[in-house]
Each structure stands twice: as structure tokens, then as C-alpha cells.
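Heads up: the structure comes next, in C-alpha cells.
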Amino acid sequence: MFAEERHRIILEILKEQSRVSVLELTKILGASEATVRRDLHLLENNGNLKRSHGGALLKSVSTYEPLFSEKTVLHKQEKEYIATLAARHINDGDTIILDSGTTTLALALLLKQKQLQIITTSIDIADILGESHAIDVILTGGIIRQTTKALVGDIAVKSLLQFHVHKAFLGINSIEENCGFTTPSIEEATIKKTMIRQASEIFFLADSSKFDTISFANVASLKEGHVIVTDKKLKNSSKNRYEKCGVVIIN
135 MFAEERHRII
145 LEILKEQSRV
155 SVLELTKILG
165 ASEATVRRDL
175 HLLENNGNLK
185 RSHGGALLKS
195 VSTYEPLFSE
205 KTVLHKQEKE
215 YIATLAARHI
225 NDGDTIILDS
235 GTTTLALALL
245 LKQKQLQIIT
255 TSIDIADILG
265 ESHAIDVILT
275 GGIIRQTTKA
285 LVGDIAVKSL
295 LQFHVHKAFL
305 GINSIEENCG
315 FTTPSIEEAT
325 IKKTMIRQAS
335 EIFFLADSSK
345 FDTISFANVA
355 SLKEGHVIVT
365 DKKLKNSSKN
375 RYEKCGVVII
385 N
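Heads up: the sequence shown begins at 135 in my numbering, then just goes up one per residue.
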């Protein structure tokens, strides 16, 4: 068995059961302990797992999410930079979806002079863009999730399903090679998945601290070929590693 195949099997096992021992892997892979330990060492160096005594663990999965007010001051310069890059991909006449989040809020502030139709799950974004005579704003209904001030639930999903747009701009909590795009909230993951289905192009807005982390609920795979807009702090080695998974990274 080639090393790449062993690595794929190891990561699939960890996704299913969160931990595995060296002894288990020697039996499953038909490889020596020395080979398995070398594989685990390499995968740990690549950020895929965490080694433990006698085996390996899936990297910790986060269900923690800061409050919207706390997020506003985190990585503020990076978010403004990301918003500037993202705005360059929005043209007069576009129909777009804006997810609820602090980076998409920064993007909304740059769009007031454009001729657009915008659908959003963010009350704050709707309030800001509602002042513009150039933009038609559609605010979905739904339940307000206090942590992020996002509209979620069946009403929000049904509202989004009525439209198809050119582009969607989504915030995301975590990006990791094997788990893809993830977020702490199942409700928000459902909304983001719906937004992805209803848009021709998807742009994830994420500062570099979001890479190599995993949150609780799956949103999308890297293999789907979406665009990630991030900041200059993302190392070229990381950028190359993620682009090999199928995404396009703009920074």
C-alpha cells in the first residue's frame, strides 16, 4: 500500500471514531509499527492530527463561538482588508447573498454606491444597506440567533430557496484540509449550505487564524472548488497546501 493510501485511511478512521491506536493501524494497514509511527509523525507535521501515547487523535473540534460584539474587535484590520478584496469581485447589476458576520458586515459598508440586489440573513447589514437608494435589500425572516445576530431556522431557509443569485459571500469559523469548512452552530451550517446551493459562485471570507481549525458542524468540502478570501498573514506553504485540495485562495 502506498503512503498516500495509508494516510487517507488513517484520516478516515479518525473522522469516524476520533482516536486510533498504533496497534489498530498496523492490523488495518498491514504495516509495521515503525511505518505507522512515521505516517502519524508526517500527518501531525501537516496539521492533520495530534499524536497521543500509543496512537493519534483527531484535532480538537470546537463548539465555542464568541459573541458578535467580541468578534467585531478581533482581527479588525484583517477583516477590512478581506472586505476590500472581496468588494472587487462585486459588479453593478450583480445579485448577491451576504451571510451574517463581522467580515461580511465590513464588506457591506463598501457596497453602498453599487447597483445591486442583496439578500441577507443579517439585520445589521440590511439596516446599513437599506440607506442606499442604489441597492434593493431582501432580509430573510427567521429566528434571531443572539450569539451572531443571524437569522436562522426554517423560515430563513424557505426564504433563501426562493432565489438564485450570482454570488454568495459567507463568513466561516474554521477551515481544515479534511473536514473542510465548518462552523460551531448546526442552525447556521444549515443556512450556509442553503446559500451555497442558491448561488453560482461562493466566496468564503476568513482571516488566516481560521485555517487549520475545526468546528462542530460541516458546511462544505474543499473539493467543491470555492473561493477563500483571506489576509496576507496566511503563509505561502499553507496557501499551496489548501489550493491542492481544490479551493482558490485570494490574499
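All C-beta atoms in this analysis are idealised placements derived from N, C-alpha and C, irrespective of residue type, glycine included.
| query | result |
| --- | --- |
| Which full runs of the beta strand (DSSP E) of 3+ residues lie inside the stretch 207-282, going along the chain? | 229-232, 250-254, 269-273 and 277-279 |
| Quick one: is phenylalanine 136 buried, meaning 16 or more other Cβ sit within 10 Å of its Cβ, or exposed? | exposed |
| Taking 8 Å as the threshold, find out whether the stretch 216-230 comes into contact with the stretch 247-267 through three or more Cβ pairs. | yes |
| Note down the Cα distance separating arginine 171 from valine 156, rounded to an integer number of angstroms. | 7 Å |
| Ends of the alpha helix (DSSP H) at isoleucine 144? | 137-151 |
| Evaluate the contact criterion for the stretch 272-287 versus the stretch 354-362: three or more CB pairs, one atom per stretch, below 8 Å. | no |
| Buried or exposed for aspartate 233, please, with buried defined as at least 16 other CB atoms from any protein chain shown within 10 angstroms of its CB. | buried |
| Near isoleucine 330, which residues of its chain fall below 7 Å by C-beta distance, leaving aside the five closest residues on each side in sequence? | Ala302, Ile336 and Ala354 |
| So leucine 239 packs on serine 266, CB below 8 Å; how close in whole Å? | Going by Cβ atoms, the distance from leucine 239 to serine 266 rounds to 15 Å, so no, they are not a contact pair. |
| Using only the alpha-carbon positions, how far apart do leucine 243 and valine 382 sit? | 25 Å |
| Does the beta-carbon distance from leucine 241 to alanine 217 come in below 7 Å? | yes |
| Looking at C-beta atoms only, is the number of pairs between the stretch 337-346 and the stretch 363-370 that lie closer than 8 Å three or more? | yes |
| Entirely within the stretch 303-382 and at least 4 residues each: give me those alpha helix (DSSP H) ranges in chain order. | 320-331 and 370-377 |
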